[in-house]
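A.B. asks:
Protein chains: 2
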Amino acid sequence: MSEARLTGPVRIVGVGLLGASIGLGLRAKGVEVILADASPTHLAIAADYGAGRPAAPGDVPQLVVVCVPPDVTADVVASELAANPTAIVTDVASVKLAIYDDLVARGADLSRYLGTHPMAGRELGGPMSGRADLFVGRPWVVAAHEGISYRDASVIDDLILDLGATLVELTPEQHDRAVALVSHVPQVVSTLMARRLIDAPHASVNLAGQGIRDVTRVAASDPELWVQILGQNSAPVIEILRGYRDDLDRFIDALVDLEAPGARRRIAEELFGGNTGVERLPGKHGVDRRYASLIVMVDDRPGQLARLFNDVGDAGVNLEDLRLEHSPGAQVGLAEIFVLPEVQERLTDELAARGWRIAG
Amino acid sequence: MSEARLTGPVRIVGVGLLGASIGLGLRAKGVEVILADASPTHLAIAADYGAGRPAAPGDVPQLVVVCVPPDVTADVVASELAANPTAIVTDVASVKLAIYDDLVARGADLSRYLGTHPMAGRELGGPMSGRADLFVGRPWVVAAHEGISYRDASVIDDLILDLGATLVELTPEQHDRAVALVSHVPQVVSTLMARRLIDAPHASVNLAGQGIRDVTRVAASDPELWVQILGQNSAPVIEILRGYRDDLDRFIDALVDLEAPGARRRIAEELFGGNTGVERLPGKHGVDRRYASLIVMVDDRPGQLARLFNDVGDAGVNLEDLRLEHSPGAQVGLAEIFVLPEVQERLTDELAARGWRIAG
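Put into structure tokens, the structure is as follows:
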């Protein structure tokens, strides 16, 4: 493992999922980590867990990372700036402009503050769900402003690089608009879809397939946290939701008056637009044409997937992605394997030769 | 493999994904399958592919399965009823009431017709994407009506059971309302979310995580097909979309006037409602509390997953589900393994003992 760029000590205020994960990641790099939390219990858990040591009088941190809920972040950042006059202070809240404006209004020392937002998380919270690798390979946004010097800001770069994340520089406005689109609005859209299920007959929900499961997965997220996030980023969220609502109204109107000239064409255009939008997403889980897939039937018994991936490994093929499909009650599951197109045919032959039922 | 219940021959009209999959599944059971398709090319591919043989003069099918697009299904069902006076005729279109009403209006012989809908599919279409196991363990809805005798209807049961699916009996109305909720409305909601991405800056879409990928996955589906499905099931889809739109309006209003008394509480209640809705979904991919998960770091190299699942298998543990997480550019991926809660601790220890980095 490469040496840490941070000299430390790093003080982490708030040891939930993100705070604990930052502590674990920095400790793994040998950086001294000081922990603080309003909850003595969380603090003790995080310390026992190896995320750092409790704060002590006389601590002089190089960097303070504020990892508290969005609605108290500005408060805590301001008090940490005051309490640690030589430290650079950052936060990891998922909204940036409201916090920045709040700090400006308070007359906080912005020459030592630079807000950030790591694009990483889990549906779980709390120190016990912390992971040293939570940020590995993930974008970590730095909400750039003019008030801090390049040299002082470099400490934030060090934090991000030490944790294995990818630094992305945006203005607070750009950041908030971006997360409104790719995170906050999808949360609302998913939540409202899931609400439709509340009073549905069993016969209906029992027909649910992977489609609605995917659309509603994030609707399981923590309401308390999301009220704060949406509340602090309401302007761009409202703007995007209104555009969504206008599309929805047009869609409903076209469905209501299907025989009107052009109604079906309007619906088709909306659907084609959806295709186009999905294709803009990076990474493996969008409509990714970089990989070919084959579907293998796997008995629902211990070791079967092991045997499958053994055979894939023996074939010298790297699994790029995988989707498991298993219907309750069925004795067989389907493993959809994503590989580079050039190896698909060979892998299909090799697996078939080893007795696997290739279903597609 | 158990013997086929159908005596056959079974005539399949339309050899796309569903038609070809039914042919492959029945051939695997030794049932004689006769194929017909408007496209000679598709027909030849499906026959070469092993889904059955092309139709010939004098064929007398026991059962005709119509697998053509929804907007021509009633046409084809009517002509198949006329052309095969001794056969039971079914279809697999994803809407049922419009087709049934159309057949009633045509005065078709409903004593030999029973519509069905297998809840199975893939984003891909065409005979080459057919899979003999496509229906294994999946619900297959029979749209019951009074016009057909129990004895004649049993041929449809045989078809469904021969293909390994689970028979679900609903009225055409119940079916259409159910799929409007769990399939058609989620398609619209996902499509409209994806449309928001079309003109988004790169900097924004590059921050996309798993959340928006899941919400928009089905937006990649075939627009031509969906125009027909939504057009033929517009009434229940409109009703549900209007309920969704009313929720959305309330949500936007609450965000616009955040300082109004109770505004934040209303938002929190919407979000809690989403939690409740997701919990109603069956199966593994909802918020499923039947399984515990652990996250293992896996190097992005051939054979690594094989080694992991080997070790899981050696531990005698059955993998209930799996989610792979891999950030573009990262040298390490995360495998989230879902197992029965009682084995989680033991598996964690065993994997750690074998040198795996357990991240959570």
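Chains as they are written, first to last, in full-length UniProt numbering: chain A, 1 to 360; chain B, 1 to 360. Glycine included, every Cβ here is placed at the ideal spot set by N, Cα and C.
Who are Gly-293(A)'s beta bridge partners in DSSP?
C.D. replies: The residue you asked about is not Gly; residue 293(A) is Ser in the sequence shown. Ser-293(A) is bridged to Phe-338(A).
A.B. asks: Quick check: Leu-271(B) and Val-237(A), are their CB atoms within less than 8 Å of each other?
C.D. replies: Not a contact, by the Cβ cut-off of 8 Å.
A.B. asks: What does Tyr-113(A) pair with, by DSSP beta-bridge criteria?
C.D. replies: BP columns for Tyr-113(A) point to Val-89(A).
A.B. asks: Tell me which same chain residues have a C-beta within less than 7 Å of the C-beta of Arg-5(A), skipping the five on either side of it?
C.D. replies: Hits under 7 Å: Asp-158, Leu-161 and Asp-162.
A.B. asks: Exposed or buried, what is residue 368(B) when buried is set at 16 or more other beta-carbons lying within 10 Å of its beta-carbon?
C.D. replies: An answer regarding residue 368(B) cannot be provided, because it is not within the stretch 1 to 360 covered by chain B.
A.B. asks: Beta-carbon of Ser-94(B) versus every beta-carbon of chain A: anything under 8 Å?
C.D. replies: Not an interface residue.
A.B. asks: Report the option in Glu-173(A), Leu-308(A), Ser-190(A) and Val-15(A) whose CA atom is closest to the CA atom of Ala-352(A).
C.D. replies: With distances taken between Cα atoms, Ala-352(A) lies closest to Leu-308(A).
A.B. asks: Which class does Pro-139(B) belong to by DSSP, given the choice of helix, strand or coil?
C.D. replies: Here Pro-139(B) sits in strand by DSSP.
A.B. asks: Rounded to whole angstroms, what is the Cα-Cα separation between Arg-250(B) and Leu-26(A)?
C.D. replies: Cα to Cα, Arg-250(B) sits roughly 44 Å from Leu-26(A).
A.B. asks: By Cβ distance, which residues of its chain are closer than 7 Å to His-184(B), with the 5 residues on each side in sequence left out?
C.D. replies: Only Ile-229, Leu-230, Asn-233 and Val-237 meet the Cβ criterion.
A.B. asks: Helix, strand or coil, according to DSSP, for Pro-118(A) in the structure here?
C.D. replies: It is a strand residue.
A.B. asks: Under 8 Å, do Leu-18(B) and Gly-50(B) count as touching if we go by C-beta distance?
C.D. replies: No, the Cβ-Cβ distance between Leu-18(B) and Gly-50(B) is not below 8 Å.
A.B. asks: Using CA atoms only, rank isn't needed, just tell me which of Ile-22(A), Gly-16(A) and Pro-57(A) is closest to Ala-38(A).
C.D. replies: Ranking the options by Cα distance to Ala-38(A), first place goes to Gly-16(A).
A.B. asks: With DSSP run on the structure shown, which of helix, strand or coil describes Glu-32(B)?
C.D. replies: Coil at Glu-32(B), not helix or strand.
A.B. asks: Could you spell out where the alpha helix (DSSP H) holding Val-312(A) opens and where it closes?
C.D. replies: Looking at the DSSP string, the run of the alpha helix (DSSP H) that includes Val-312(A) is 304-314.
A.B. asks: State the DSSP-derived secondary structure class of Ile-212(B), mapped to helix, strand or coil.
C.D. replies: In this structure, Ile-212(B) counts as helix in the three-state DSSP scheme.
A.B. asks: So is Thr-41(A) buried or exposed if we call it buried at 16+ other beta carbons inside 10 Å?
C.D. replies: Under this definition Thr-41(A) is an exposed residue.
A.B. asks: Based on DSSP bridge pairs, tell me the residues matched to Leu-167(B).
C.D. replies: In DSSP, Leu-167(B) forms a bridge with Trp-140(B).
A.B. asks: On the three-pair Cβ rule with 8 Å, is the region 103-121 of chain B touching the region 74-87 of chain B?
C.D. replies: Contact holds: three or more Cβ-Cβ distances are below 8 Å.
A.B. asks: Given Gly-303(B), which residues of its chain have a CB within under 7 Å of its CB, disregarding the five upstream and five downstream residues?
C.D. replies: Same-chain partners within the cutoff: there are none.
A.B. asks: Which value, in whole angstroms, describes the spacing of the CA atoms of Pro-85(B) and Met-297(A)?
C.D. replies: Rounded to the nearest angstrom, the two C-alpha atoms are 39 Å apart.
A.B. asks: How would you list, in chain order, the residues of chain B whose beta-carbon sits under 8 Å from the beta-carbon of Ile-22(A)?
C.D. replies: Here the premise fails: no neighbours, minimum Cβ distance about 14 Å.
A.B. asks: Whose C-alpha, out of Leu-181(B), Trp-226(B) and Asp-253(B), is nearest the C-alpha of Ala-194(A)?
C.D. replies: The residue with the shortest Cα to Cα distance from Ala-194(A) is Leu-181(B).
A.B. asks: Determine the extent of the alpha helix (DSSP H) in which Leu-159(A) is found, giving its start and end residues.
C.D. replies: Start and end: 150-162.
A.B. asks: As a quick exercise: from Leu-63(A), Gly-121(A) and Arg-138(A), pick the residue whose alpha carbon is nearest that of Gly-115(A).
C.D. replies: Of the candidates Leu-63(A), Gly-121(A) and Arg-138(A), the one whose C-alpha sits nearest the C-alpha of Gly-115(A) is Leu-63(A).
A.B. asks: Exposed or buried, which one is Glu-345(A) when buried takes at least 16 other CB atoms within 10 Å?
C.D. replies: Counting Cβ neighbours within 10 Å, Glu-345(A) comes out exposed, since fewer than 16 surround it.
A.B. asks: What are the boundary residues of the beta strand (DSSP E) that includes Ile-12(A)?
C.D. replies: 10-13 is the extent of the beta strand (DSSP E) around Ile-12(A).
A.B. asks: Can you list, in chain order, the residues of its chain with a C-beta nearer than 7 Å to that of Pro-316(A)? Leave out the 5 residues immediately preceding and following it.
C.D. replies: Before going on, a small fix: residue 316(A) reads as Gly here, not Pro. Excluding sequence neighbours, Gly-316(A) sits near nothing in its chain.
A.B. asks: Here's the rule: buried if 16 or more other CB atoms are within 10 angstroms of the residue's CB, otherwise exposed. What is Thr-348(A)?
C.D. replies: Burial call: buried.
A.B. asks: Quick one: residues in its chain with C-beta nearer than 7 Å to the C-beta of Pro-223(B), no 5 flanking neighbours on either side, listed in chain order?
C.D. replies: If we look at Pro-223(B) and ignore the five residues flanking it on each side, it has no Cβ neighbours.
A.B. asks: Closest to Leu-319(A) by C-alpha separation, out of Val-104(A), Leu-241(A), Leu-294(A) and Leu-197(A), would be which residue?
C.D. replies: Comparing Cα-Cα distances from Leu-319(A) to each of Val-104(A), Leu-241(A), Leu-294(A) and Leu-197(A), the minimum goes to Leu-294(A).
A.B. asks: Measuring only between beta-carbons, confirm whether Gly-243(B) sits less than 8 Å from chain A.
C.D. replies: Yes, contact with chain A.
A.B. asks: For Gly-14(A), count the other beta carbons within 10 Å of its own beta carbon; 16 or more makes it buried, fewer makes it exposed. Which is it?
C.D. replies: Buried.
A.B. asks: Buried or exposed: Ser-154(B), going by 16 or more other Cβ atoms within 10 Å of its Cβ?
C.D. replies: Classification for Ser-154(B): exposed.
A.B. asks: With 16 other CB atoms within 10 Å as the buried threshold, where does Tyr-150(B) fall?
C.D. replies: Burial call: exposed.
A.B. asks: So that I know if they touch, is there some Cβ in chain A lying closer than 8 Å to that of Glu-270(B)?
C.D. replies: By this cut-off, Glu-270(B) is an interface position.
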